[in-house]
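One structure is given here, and the rest of the page talks about it.
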Amino acid sequence: LTISPVGAQTNVLPPEDVQKLTVEELRERYGQAKPDALKIDGINHIAFVSSDMARTVWFWSEALGLRLTKTIQLADGGQHFFMEGG
């Protein structure tokens, strides 16, 4: 499966490089709305469990154009990431 990032951006990082980013760097890179992003209306939320959150954020942001809107660090070491699609 090959995924072409939204808008065929020239500054797209490969998933291997995204895995090295901190949460702050993920927010900075993927926290901006994209004009050609996938628009989603009518879904309250979807929850995913992921062993590789950086790669998950990469997919939803680079491939589908969603915006990372919020992150929460949990006391047990887990994280919640919120993506916006519209």
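The numbering of the sequence shown is this note's numbering, which starts it at -5 and goes up by one.
Using N, Cα and C, we set each Cβ at its ideal position, and we do this for glycine too.
Quick caveat: nothing in here was measured; it's all calculated off a predicted structure.
*Do you know how far the Cα of methionine 47 is from the Cα of glycine 36?*
Residue 36 sits at position 42 when you count from the first residue of the sequence shown. Residue 47 sits at position 53 when you count from the first residue of the sequence shown. Approximately 24 Å, taken between the alpha carbons.
*What beta strand (DSSP E) runs, 3 residues minimum, are completely inside the region 6 to 32?*
The region 6 to 32 contains no whole beta strand (DSSP E) run of 3 or more residues.
_Extent of the continuous beta strand (DSSP E) run through phenylalanine 76_ = For this step, residue 76 is matched to residue 82 along the sequence shown. Element bounds for phenylalanine 76: 73 to 78.
*asked:* Taking the alpha-carbon of asparagine 5 as reference, which of Met77, Leu32, Trp52 has the nearest alpha-carbon?
replied: By 1-based counting over the sequence shown, the position of residue 5 is 11. Ranking the options by Cα distance to asparagine 5, first place goes to Trp52.
*Identity of the residue in Leu68, Lys28, Val17 nearest alanine 57 by Cα*: Residue 57 sits at position 63 when you count from the first residue of the sequence shown. Distance check between alanine 57 and each of Leu68, Lys28, Val17 places Lys28 closest, using alpha-carbon atoms only.
*Between Ile40, Arg61, Gln13, which lies nearest to glutamate 22 when the distance is taken from Cα to Cα?*
Locating residue 22 in the sequence shown gives position 28, where the first residue counts as 1. Looking only at Ile40, Arg61, Gln13, the smallest Cα-Cα distance to glutamate 22 is reached by Arg61.
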